[in-house]
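Our numbering puts the sequence shown at residues 8 to 182.
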Amino acid sequence: MENSKKTNIVLIGMAGAGKSTVGRKLADLLGLAFVDVDTLIEKDRGLPLQEVLNDLGVQNFRRLEEQTMLSMDFRKYVIATGGSAIYGQAGISHLRRSSLLILLDVGLATLKQRVGDFSSRAFVKTADQTFAEVFAERQPLYTQNADLIIDCNDRSVSDICQSIIRQVPDTFYHF
């Protein structure tokens, strides 16, 4: 599908990349609605994301995340995905039909600085994986699936949003 037929922006990237923060601001600037996949899961399950992850385990959580993406039929939205959404290729393909996928690219050191040891947030990984290993595993998947890659290191939310707006095809937001 041509970019001119895509009415959503989907933000992908690691936990701590700023998908929710940038997404809210970008939606406001473009006059679009905003939705966060993690928030949809929390509302659907009635539990904080970490509890959902603890209850389901990694593989079942990834399936739930993918099913959530497959159920989306939004138009004129900025959508913030969970960091592990990239594993759900059917869900990513579904979103791609109506969306531009934008990777918020942040280096490992910056991510660690932003979120510390991840004990305060849900982070989908197998028990034996380090954060650096998850980063190394996911980064090629993000890059392969992104229509646009935005370097977010040492940049403000406003600067990131302006960079996205400058690089998104003009036809995109002239619905």
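Even for Gly, the Cβ is constructed at its ideal location relative to N, Cα and C.
Note down, in chain order, each residue of its chain lying with its Cβ closer than 7 Å to the Cβ of Gly95, except the 5 sequence neighbours on either side.
Arg69, Glu72, Glu73 and Met76
Secondary structure, alpha helix (DSSP H): runs of 4+ residues fully inside the stretch 52 to 99
56 to 77
Let me make sure I understand the geometry here. Which of Leu39, Ser78, Val85 and Leu110 has the alpha-carbon closest to that of Gly20?
Leu110
Given this structure, state the Cα-to-Cα distance separating Ser27 from Asp135, to the nearest angstrom.
27 Å
Rounded distance between the beta-carbons of Glu49 and Leu56, thought under 8 Å:
5 Å
For Leu39 and Glu144, the rounded distance between their alpha carbons:
32 Å
From Asp51 to Phe41, what does the alpha carbon distance come to, in whole angstroms?
17 Å
Which residues in the same chain as Lys12 place their Cβ atom closer than 6 Å to its Cβ, once the five residues preceding and following it in sequence are excluded?
none
Look up Ala40 in the DSSP assignment and say whether it is helix, strand or coil.
strand
With distances taken from CA atoms, which of Pro176, Ser91, Val65 and Ala34 is nearest Ala24?
Ser91
Could you have a look at Asn160 and say whether DSSP puts it in helix, strand or coil?
coil
Check this for me: beta carbons of Asn15 and Ser78, under 7 Å apart or not?
no
When the distance is taken between beta carbons, is Asn160 closer than 7 Å to Ser113?
Note that residue 113 is Val in the sequence shown, not Ser. A contact, by the Cβ cut-off of 7 Å.
Roughly how many angstroms separate the alpha carbons of Asp166 and Arg31, rounded to a whole number?
14 Å
Under DSSP, the beta strand (DSSP E) around Val17 begins and ends at which residues?
Asn15 to Ile19
Work out the CA separation of Val175 and Arg128 for me, nearest whole Å.
With a pLDDT of 49 at Arg128, under the threshold of 50, the predicted position of this residue should be treated as unreliable, and no value is reported.
When you compare only the Cα positions, how much space is there between Tyr84 and Ile99?
15 Å
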